[in-house]
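Asks:
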Amino acid sequence: MYRPNMGGRGSAPSGAGSSVSSSAQAGHARARAPVQEAAAGEGFPRGDQWHVHKFGGTCLASAERIDAVCRYLVESAGAGPKLVVLSAMGSHPSSPIKVTDLLLGLVAKAGARDAAYLLELEALEGKHADAARALLGADSPELAEYLAVLRRDMDNLRSILHTLSIARMSAEPFEDFVVGHGELWCTQLAALRCRQLGAGAAAVFLDARDVLTVRPTSDGMSVDVEYEVSGGRLDAWARERAEAVSSPDALILATGFIAQSPDGRATTLKRNGSDYSATTFGALLRAGRITIWTDVDGVFSADPRKVPEAVCLRRLSYHEAWEMSYFGANVLHPRTALPAMRHGIPVTSRNFFNLADPGTVICDPEDADADGDATGVKGFATIDDVALINVEGTGMVGVHGTAAAIFATIRDAGVNVIMISQASSEHSVCFAVRSADADRAVTALRARFADAIAAGRISSVDASRDCCVLAAVGRMMASRRGVAATMFAALAQANINVRAIAQGSSEYNITALVDAAESTRALRAVHGRFYMQALPIGLALVGPGLIGATFLAQLRDQAAKLRDEYHLDIRVLAIAGSKRMLLARGEDSRGIDLASWRARLDGPEAEPTDLDALAGALTDSFVPNVAVVDCTASEAPSTRYLDWMARGIHIITPNKKMNSGDLARYRALKRHQRSAFTHFLYEATVGAGLPVIATLQHLVQTGDRVRRIEGIFSGTLSYIFNTFGTDDRPFSAVVAAAREQGFTEPDPRDDLAGTDVARKVTILAREAGLPLELEQVPVQSLFDAEMDRALREAREAGECLRFVGVVDADAGQGRVELKRYPTSHPFAQLSGSDNIIAFTTQRYSAQPLIIRGPGAGAEVTAGGVFSDLLRLAAYLGAPS
1 MYRPNMGGRG SAPSGAGSSV SSSAQAGHAR ARAPVQEAAA GEGFPRGDQW HVHKFGGTCL
61 ASAERIDAVC RYLVESAGAG PKLVVLSAMG SHPSSPIKVT DLLLGLVAKA GARDAAYLLE
121 LEALEGKHAD AARALLGADS PELAEYLAVL RRDMDNLRSI LHTLSIARMS AEPFEDFVVG
181 HGELWCTQLA ALRCRQLGAG AAAVFLDARD VLTVRPTSDG MSVDVEYEVS GGRLDAWARE
241 RAEAVSSPDA LILATGFIAQ SPDGRATTLK RNGSDYSATT FGALLRAGRI TIWTDVDGVF
301 SADPRKVPEA VCLRRLSYHE AWEMSYFGAN VLHPRTALPA MRHGIPVTSR NFFNLADPGT
361 VICDPEDADA DGDATGVKGF ATIDDVALIN VEGTGMVGVH GTAAAIFATI RDAGVNVIMI
421 SQASSEHSVC FAVRSADADR AVTALRARFA DAIAAGRISS VDASRDCCVL AAVGRMMASR
481 RGVAATMFAA LAQANINVRA IAQGSSEYNI TALVDAAEST RALRAVHGRF YMQALPIGLA
541 LVGPGLIGAT FLAQLRDQAA KLRDEYHLDI RVLAIAGSKR MLLARGEDSR GIDLASWRAR
601 LDGPEAEPTD LDALAGALTD SFVPNVAVVD CTASEAPSTR YLDWMARGIH IITPNKKMNS
661 GDLARYRALK RHQRSAFTHF LYEATVGAGL PVIATLQHLV QTGDRVRRIE GIFSGTLSYI
721 FNTFGTDDRP FSAVVAAARE QGFTEPDPRD DLAGTDVARK VTILAREAGL PLELEQVPVQ
781 SLFDAEMDRA LREAREAGEC LRFVGVVDAD AGQGRVELKR YPTSHPFAQL SGSDNIIAFT
841 TQRYSAQPLI IRGPGAGAEV TAGGVFSDLL RLAAYLGAPS
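Read left to right, the sequence shown gives residues 1 to 880 (full-length UniProt numbering).
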């Protein structure tokens with residue numbers, strides 16, 4: 001039976017043919033005496049003149065991309081010597097599976113006696129041969145050289161895989177040897193192409209297994225580099241290529257991911273291996289800088305797939321990069337960054353497909369903080385699919401070793417702990433694990449503490465599933481007050497409940513556990529609070545009639561000022577009429593164009609009105625703070641307020657139906673408002689744009705006792721009574737004129753029957769603390785014959801008629817009635833559609849507090865709605 005020797009290889013011969021060494025030699029180990037570090041000038045010339053580059057598999061996924069990399073390297077000659085670490089070819093539309101994954105699959109299939117490995121190996125050979133022909137030219141000597149090496153490697157691999165198939169095994173040493181060929185083939189090809197492009201003898205191929213020597217860590221999950229041995233081997237390698245290595249334009253193309261063990265066996269650098277190769281070579285060379293080339297611009301402040309407004313961070317400290325890497329961000333793994341950190345070498349992550357972008361520099365803390373940072377937070381990240389394990393019981397309090405026993409049990413069960421939280425009372429310990437590990441963790445803990453559970457000392461060991469870990473990362477959070485408060489306030493204002501919290505004393509990160517369903521919304525909420533200069537608020541307008549359309553026009557006209565001066569980014573995400581609605585769906589988070597909304601609402605992209613779908617579009621949007629603006633006079637939207645608020649949607653409305661409707665429903669909504677961070681704003685329900693509700697709330701909240709509220713609450717009736725009697729027109733003609741001018745309610749009968757005023761009386765009574773139903777407010781109706789008689793009697797007495805609403809708090813009642821006032825009374829001094837409201841309170845007893853101003857019309861009512869929007873923005877953290 002053929003069994004290859006998995007040892008190291010000898011160095012490739014020097015000279016022109018040394019750019020490629022056959023991995024066929026890899027099967028023939030030879031004894032190597034320990035190599036000592038070369039004396040100065042006798043080995044590899046170290047120093048910060050070196051620039052180490054690493055290109056990931058995406059940058060090398062096709063012949064065209066390899067060519068682009070080679071041209072970039074050759075054309076940058078004169079910028080100093082370069083050592084370039086290359087990965088295996090990555091995924092590409094023409095070949096979607098990564099070469100490394102294909103090689104791992106070959107080993108698995110051979111060990112399982114799946115003959116398909118032979119076909120896949122043939123396809124791998126064809127993939128690299130085709131790339132070589134496209135890159136090197138059909139008749140070039142470089143192509144012949146490459147194909148000869150490729151064929152020898154394939155022969156070796158067929159033999160090895162055949163052996164594994166016969167033995168029905170897949171041992172790690174064999175896997176390490178096989179899987180490293182992707183880097184060998186890609187790097188050899190790039191070295192030959194660089195020589196073709198003019199790099200000449202300066203382009204030297206380096207098989208990292210001739211230099212990097214690593215030893216497995218105690219847990220077997222990683223490796224540690226033997227720097228002294230590796231440095232000595234690097235010097236020995238350089239002595240055989242002294243001319244190329246010492247050139248000011250030296251171009252060394254090294255394989256990533258692979259290395260050798262101290263006894264000469266082929267091995268790998270495990271996870272993020274090629275990045276680790278780059279930083280290790282950087283440390284060995286004492287390089288001045290390291291650049292990691294990928295297909296993204298750098299490290300972002302949050303996952304841009306979840307937060308479109310995420311920004312590319314220009315600088316991170318090594319520790320910040322570690323923290324963000326742990327939470328899944330595309331950053332250097334802590335183990336990978338250590339070699340660079342040890343020697344203070346900055347590592348830049350850049351996008352090879354966007355060379356204009358400078359990328360993200362990972363460096364020493366002092367350099368990372370050079371740009372300044374007002375908040376101390378650099379970025380946010382999440383870990384999804386997490387479960388919270390809770391161990392709880394009074395018998396845990398003061399018992400030594402309980403926590404140690406818990407986590408020893410978890411360790412023995414092979415479960416990794418993501419975060420830990422324990423109250424100072426020691427009554428419970430909770431920690432987060434991957435959801436896939438939750439059952440194993442709970443089973444192990446229940447077995448370990450079976451006696452304590454049976455005795456009642458531990459009351460429960462449970463798992464709460466469907467959770468998500470959210471973390472804020474930043475080195476300077478330690479010196480900033482209020483970072484945690486700002487973060488958790490942002491979550492609360494987005495109506496997101498926090499299940500557990502953890503923060504270390506170093507304060508590099510603040511971690512919170514939230515429900516998985518709220519993962520993306522939580523990430524957007526905290527990111528928006530710290531990173532967006534303008535506070536984003538997403539709106540859905542229900543009722544684009546006269547008031548709603550006027551509000552949209554006001555919003556459109558003020559958008560630039562709100563953004564530039566008040567740092568508010570108001571986005572209209574939905575507009576719904578009674579039959580049709582327009583939604584900004586998916587990632588169209590910028591909202592609906594307010595210059596064209598009416599045409600679009602009437603056009604083909606509108607859809608049938610569905611208020612459930614509208615609410616879903618709000619909560620699913622990329623905007624963390626959302627509100628419904630209900631400008632209808634309909635009962636239907638108000639019945640959904642409580643459900644919308646429970647979903648974290650704020651409500652702004654001039655619609656009086658909720659606050660004057662069923663008392664139980666009104667109270668339930670107010671209770672929810674007080675217990676949550678969801679706001680219900682309704683200033684325009686009484687007095688249009690006048691601050692009537694706000695004034696009354698201020699009086700009550702500051703301890704004043706309201707005794708009486710009396711006023712002219714209807715702009716319509718104010719206009720009518722200010723006009724009635726000034727000419728010969730009957731009362732009905734004056735009403736018609738009011739309707740033509742837009743002063744009346746959508747149904748004028750609400751005005752004439754006194755229903756509108758009765759609703760406002762009910763609203764004010766409830767704000768003052770009276771539990772009134774609308775039906776308990778008696779109303780005096782208005783008819784032509786009665787009005788003519790009443791007007792004549794008032795004039796004969798030197799008085800005027802006014803239709804007023806009264807809240808008599810002392811008597812616990814409200815009413816709507818026609819009253820006569822002396823012409824000197826403030827209520828007789830009104831003009832047009834003015835409202836006037838007088839508050840008689842314990843503080844304002846001798847002289848009532850009076851509010852007066854326009855109380856009807858689309859402009860002033862829409863202005864009241866706009867005012868509530870600005871009040872909501874202030875509650876959500878907009879600067880004052």
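Note that the Cβ used here is the ideal one computed from N, Cα and C, for glycine as well.
Got a sec? Which residues, its chain only, sit under 7 angstroms from A33 by beta carbon, not counting five neighbours each side?
Replies: Its pLDDT being 34, under 50, A33 is placed unreliably in this model, and the value from its coordinates should be taken loosely. Same-chain partners within the cutoff: there are none.
Asks: Can you check whether the CB of V52 is closer than 8 angstroms to the CB of I290?
Replies: It is a contact, given that the beta carbons lie within the stated cut-off.
Asks: When the Cα of Y875 is compared with those of Q847, F680, I720, K760, which residue comes out closest?
Replies: For Y875, the nearest C-alpha among the options comes from F680.
Asks: Is the distance from the Cβ of G379 to the Cβ of M324 below 8 angstroms?
Replies: Yes, these two residues count as a Cβ contact at 8 angstroms.
Asks: Of the choices S165, A432, G232, A250, whose alpha-carbon is the least far from that of A202?
Replies: Here the closest residue by C-alpha is A250.
Asks: In this structure, does DSSP put V526 in helix, strand or coil?
Replies: Helix.
Asks: Run through DSSP, which three-state label would A38 get?
Replies: Legend: pLDDT at A38 = 41, less than 50; position of this residue unreliable, value from coordinates given subsequently. Looking at A38 - three-state DSSP - the assignment turns out to be coil, as it is neither helix nor strand.
Asks: What residue range does the alpha helix (DSSP H) around Y875 cover?
Replies: From DSSP, the alpha helix (DSSP H) with Y875 extends over 858-875.
Asks: If you compare alpha carbons, which of D263, S87, S230, Q196 is closest to P173?
Replies: It is D263 whose Cα lies nearest to the Cα of P173.
Asks: Give the list of continuous beta strand (DSSP E) stretches no shorter than 3 residues that lie fully inside the UniProt domain "ACT" (391-463).
Replies: Those beta strand (DSSP E) runs which fall completely within the UniProt domain "ACT" (391-463) and span 3+ residues are 417-422, 428-434.
Asks: Alpha carbon to alpha carbon, how far is D564 from P691?
Replies: Rounded to whole angstroms, D564 to P691 spans 26 angstroms at the Cα level.
Asks: Flag this pair as yes or no: are the beta carbons of residue 904 and A574 separated by less than 8 angstroms?
Replies: The chain is shown from 1 up to 880; residue 904 falls before or after that span and cannot be answered.
Asks: Given 8 angstroms as the limit, is there contact between the stretch 60-73 and the stretch 270-286, that is, 3 or more CB pairs closer than that?
Replies: Touching, no, given that fewer than three Cβ pairs across the two stretches are closer than 8 angstroms.
Asks: Look at the Cβ atom of K98, then the Cβ atom of A110, and state whether they are nearer than 8 angstroms.
Replies: No. Outside cutoff.
Asks: For R667, count neighbouring Cβ atoms within 10 angstroms of its own Cβ and tell me buried if that reaches 16, exposed if not.
Replies: The residue is exposed, with fewer than 16 neighbouring Cβ atoms inside 10 Å.
Asks: Taking 8 angstroms as the limit between beta carbons, can you name the residues of its chain near E42, skipping five residues before and five after?
Replies: Result list for E42: D235, R239, in chain order.
Asks: Looking at the unbroken beta strand (DSSP E) that takes in W293, where does it start and where does it end?
Replies: W293 -> beta strand (DSSP E) spans 289-294.
Asks: Per DSSP, what kind of secondary structure is R71 in: helix, strand or coil?
Replies: Residue state, collapsed to three classes: helix.
Asks: Which term fits T443, buried or exposed, when burial requires 16 or more other beta carbons within 10 angstroms of its beta carbon?
Replies: Under this definition T443 is an exposed residue.
Asks: Look at the alpha carbon of A108 and the alpha carbon of I166, and state the distance between them as a whole number of angstroms.
Replies: Taking the straight line joining both Cα atoms gives about 13 angstroms.
Asks: Going by beta carbon distance, what residues of the same chain come within less than 8 angstroms of Q36, once the five residues before and after it are set aside?
Replies: Only weak support is given to the placement of Q36: the predicted model assigns it a pLDDT of 37, under 50, and the question is left unresolved by the model.
Asks: Where G687 and C631 are concerned, what is the direct C-alpha to C-alpha distance, given to the nearest angstrom?
Replies: Taking the straight line joining both Cα atoms gives about 15 angstroms.
Asks: So, are the CB atoms of D275 and T360 less than 8 angstroms apart?
Replies: Result no, Cβ atoms of D275 and T360 do not sit closer than 8 angstroms.
Asks: Short check: CB of A208 to CB of A242, under 8 angstroms?
Replies: Going by C-beta atoms, A208 is not nearer than 8 angstroms to A242.
Asks: Have a look at the DSSP bridge pairing and note the partners of A627.
Replies: A627 is bridged to L539, H650.
Asks: Taking 8 angstroms as the threshold (C-beta atoms), are E125 and L192 in contact?
Replies: Not a contact, by the Cβ cut-off of 8 angstroms.
Asks: Since I believe A441 is in contact with L388 (beta carbons under 8 angstroms), could you give me their beta-carbon distance rounded to a whole number of angstroms?
Replies: So it is not a contact: roughly 11 angstroms between Cβ atoms.
Asks: Can you tell me whether R475 is helix, strand or coil according to DSSP?
Replies: Three-state DSSP puts R475 in a helix.
Asks: What separation, rounded to the nearest whole angstrom, lies between the Cα atoms of G80 and K306?
Replies: Between G80 and K306, the C-alpha separation is close to 40 angstroms.
Asks: With P854 as the anchor, note down where its alpha helix (DSSP H) starts and where it stops.
Replies: Counting along the chain, P854 falls outside any alpha helix (DSSP H), though it belongs to the beta strand (DSSP E) covering 849-854.
Asks: Sorted by chain position, which residues of the same chain lie with C-beta nearer than 6 angstroms to A490's C-beta, five sequence neighbours on each side aside?
Replies: Excluding sequence neighbours, A490 sits near A525, V526, R529.
Asks: Quick test of your reading: residue 914 and C468, contact by CB under 8 angstroms. State the CB separation rounded to the nearest angstrom.
Replies: This structure cannot speak to residue 914, because the chain is shown only from 1 to 880.
Asks: Note down, in chain order, each residue of its chain lying with its Cβ closer than 7 angstroms to the Cβ of A502, except the 5 sequence neighbours on either side.
Replies: Only M419, I420, S421, T511 meet the Cβ criterion.
Asks: Between the alpha carbons of I160 and L106, how many angstroms are there, rounded?
Replies: In a straight line, the C-alpha of I160 is about 11 angstroms away from that of L106.
Asks: Should I509 be labelled buried (16 or more other beta-carbon atoms within 10 Å of its own) or exposed?
Replies: Residue identity check: residue 509 is Asn in the sequence provided, not Ile. Burial call: buried.
Asks: What are the residues that DSSP puts in a beta bridge with V331?
Replies: For V331, which the question treats as bridged, DSSP gives no partner whatsoever.
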